[in-house]
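One structure below.
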Amino acid sequence: MAESSSEPSAAPAIPTNKPWLLKPKYPGPSAFFYAYLPEDEYYMVGGTDNDPSVRSECEYYGGRQALLNIVEQYRNFPGSMDFFESELCSPFPMLNPRIYQSMKAAKSYIFKREILNQMQMLTMNANFRMTQDNVPILRMMAIYMRTKDEMMEGNLEFVPYDEDKLAVFQKHVTDRFRLARHTGRKFKITQKKQKTIEYVFETIKAMMPVNKYDPEFTSLRKVLIISHEERPVHNNHTFYDYLINMMYIITVEFNNFINNNKSWFTPYPVVQGPKTAFVRLFKEEKNSYVLGFELLREMKRCEMDTVQLEEILQDKRPMYCLDIRIVLSLKLQNLELVVSKNLKAFKTPIWIPLVDGTFCLQAEDMIQFFVYRIHNAKYFQNASTEKRDKILGAFSFIKTTLEDLEKGYRLVLQSDVEKIKDGILEYFKNNKISPPAEKIEVRQIDEGLWTENNLAEEIKHLKLDEPFPDMVKFAENVFKFEKLEHFRTLDLCSAVEICQFFCITRVDENTRTFYELEDSWFEEMSSEVPGLADFKAEPKDSKAASEAAPKKSEATPKESEAKSVDSEVAPAAHEATPTEADSEKKPKDSEAASMDSKVTPADSEAAPANSEAEKADSEVSPKDVGAAPADSGAASKESEPAQAAPADD
């Protein structure tokens, strides 16, 4: 045993299982852009690591503003900050977290680990906007929130969403923001010795909780030093006076709320008596299912009888999923099924956190992502038939996933996704397959403005008719089905992707086993539109092949739009949002995210599109927008311009 000492103890040893918090590969917000973009598009991110900027010519994504929105959506899930190995002071997503609906009781739920982010969003109002003055505050808030998130010990748990309590918190904190520049504010920098960066650091440090990974507050010091280099304290003491008072208000109000609702920020307690098991019901277009091991784990936590379920899961691997009909047949008491839709961020699936701390993707979304990625990397441009067949050989790495999908394994672990990705890249390397030296870019035309001839000409321009001679014939099909709303409204780039997708599924024997498309679809269709009603092209799993580009009726509403994370990456406010060929496309005229844009409500989760689930849910329908926080999530009542802290003369 160590001897006691009256001397002050040294700082505790810093744990090493999260080295990226202080020594990230990509400092600041850069980590999220590099995580989303493929390596051959890293050139889009410029500036410095701490002050990244995004190029404006991101035509494929719909422009600079749209790409920023997409990245915010991509990282908006529980545990994303550590998943992407982001720095301790990296700002949290400027987008409301998702609010989930139960299948039967129309109750709203939120993951405990996302309440802090929701609290941050609720602070956004006319007195606290996304301006240059507030960037350091958001970074310091991130340090505070990452530290408080440790209370959950990495657990993924639901808690009922109490809109009223959060509305009271919002009023308290936003009312007090007006005092940050008031003559009666708590902190005032007036003396010469206070007009130093060390005074500012020590004052804010005293308000902050100690992060076990950063007991010396090096991240806080870094944020303030960067600000000091841009705006020296001795010349801008009014600004730092504002920073100190804002952080005082934020930490006091956050601490009070956390202390008054401790169970929302800590793991489920070990209690006696009946307990409710909260289990996600994953919803696809025509399937609803539960992850078997997640259900088993929750039932054991609640001390339920698991004999029947364990028999079903016998000899099954961890990612085995149970159809909703099987779950309902178990007639489990105290089971709350919480509906969760699989989302994408512009054709890229968003990672799904699991209760054991791992992450996964929905299998079908992952397959489509790899198809689109190979296409957009330009591998097929001007390829010979021989090279085409070699490229298609890479899809052998998803064959096991396709086979497992039919056996009930609808989710794919991150480790397996990485193996598939590495396998494809190694296959390309071994077979000396690479994109052409001179890549041809799509001559983009916005949705609703291109014609069948434009699409056919673009296929030839991209030289995709070389490896796929039939692709030009598909232009008519895609154009007509887009008009019939079998596909969502497409821009020209997305229309080319759809043609490519169906060409691959027709030629490649691996994906053909999944999408059993009738040959009639690939033939030139009659100009008679009524004849299209007989179209039938569905995969074996009953999900329509046209899910490669869903209908317009499924477009993501304005709610999915985000505020930009930092002023250094803040886009022009009126650039167009992207068009796309997947389930996450936003309306073209939706409000672009910007520093001064509204913070929009969280996504609400609909009841599963499953006959059994609908039957179980027929008595009470979930609220349409009831999950949205008060005042549209955070700042829907913003009307006054931002009040920037002036520099002192």
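Quick note on this note's numbering: the sequence shown kicks off at 443 and runs consecutively. We treat Cβ as the ideally placed atom computed from N, Cα and C, and that holds for glycine.
- Uninterrupted beta strand (DSSP E) stretches at least 3 residues long and entirely within the segment 522-546 occur at 542-544, given in chain order.
- The residue among A568, Q574, M561 and P795 with its C-alpha nearest the C-alpha of A584 is M561.
- By the Cβ-count criterion, S771 is exposed, with fewer than 16 other Cβ atoms from all chains shown falling within 10 Å of its own Cβ.
- With respect to L737, L764 sits close: the two C-beta atoms are nearer than 9 Å.
- E778 is bridged by DSSP to F720.
- A direct Cα-Cα distance of roughly 19 Å separates S730 from K758.
- In the structure shown, the three-state DSSP call for Q886 is coil.
- With a beta-carbon spacing of about 7 Å, I639 and I667 fall inside the 8 Å limit used to define contacts.
- Contact between L904 and V938 holds, with the beta-carbon distance rounding to 7 Å and staying under 8 Å.
- Assignment of K786 by DSSP, reduced to helix, strand and coil, places it in the strand class.
- A check of alpha carbon separations from F870 across D888, S838 and A898 identifies S838 as the nearest.
- Under DSSP, P494 takes part in a beta bridge, and its partners are G489.
- With fewer than three CB-CB distances shorter than 8 Å, the segment 768-785 does not count as touching the segment 823-843.
- Non-local C-beta neighbours of I816 in its own chain, meaning closer than 6 Å and more than five positions away in sequence, are absent.
- Per DSSP, reduced to three states, the secondary structure at F870 is helical.
- Beta-bridge partners assigned by DSSP to I794: C802.
- When C-alpha distances from I809 are compared across T947, N459 and T565, the shortest belongs to T947.
- Beta-bridge partners assigned by DSSP to P602: Y551.
- For V854, the enclosing beta strand (DSSP E) begins and ends at L853 to L855.
- DSSP assignment within the segment 895-950 yields the following whole alpha helix (DSSP H) runs of 4 residues or more, N-terminal first: 913-925 and 934-949.
- Of Y684, Y814, I792 and I887, the smallest CA-CA separation from K637 is found for Y684.
- A distance below 9 Å separates the beta carbons of Q823 and P877.
- Under DSSP, L464 shares a beta bridge with no residue.
- Judged by DSSP in its simplified three-state form, D747 adopts coil rather than helix or strand.
- Going by beta carbons, F707 and K607 fall outside the 9 Å limit.
- With respect to A622, N569 sits close: the two C-beta atoms are nearer than 9 Å.
- In the three-state reduction of the DSSP assignment, V712 falls in the coil class.
- 9 Å or more divides the Cβ of F534 from the Cβ of F611.
- Here F553 really is in contact with L598; their C-beta atoms are around 6 Å apart, less than 8 Å.
- In this structure, DSSP gives V694 a helical state, which the three-state scheme calls helix.
- CA-to-CA, the gap between V615 and I692 works out to about 7 Å.
- Only buried fits T843, as 16 or more other CB atoms lie within 10 angstroms of its CB.
- In the three-state reduction of the DSSP assignment, V652 falls in the coil class, being assigned neither a helical nor a strand state.
- Collapsing the DSSP output to three states places F822 in coil.
- In the assembly as shown, V496 is a buried residue. Its beta-carbon has 16 or more other beta-carbons within 10 Å.
- When DSSP states are grouped into helix, strand and coil, K881 belongs to the coil group.
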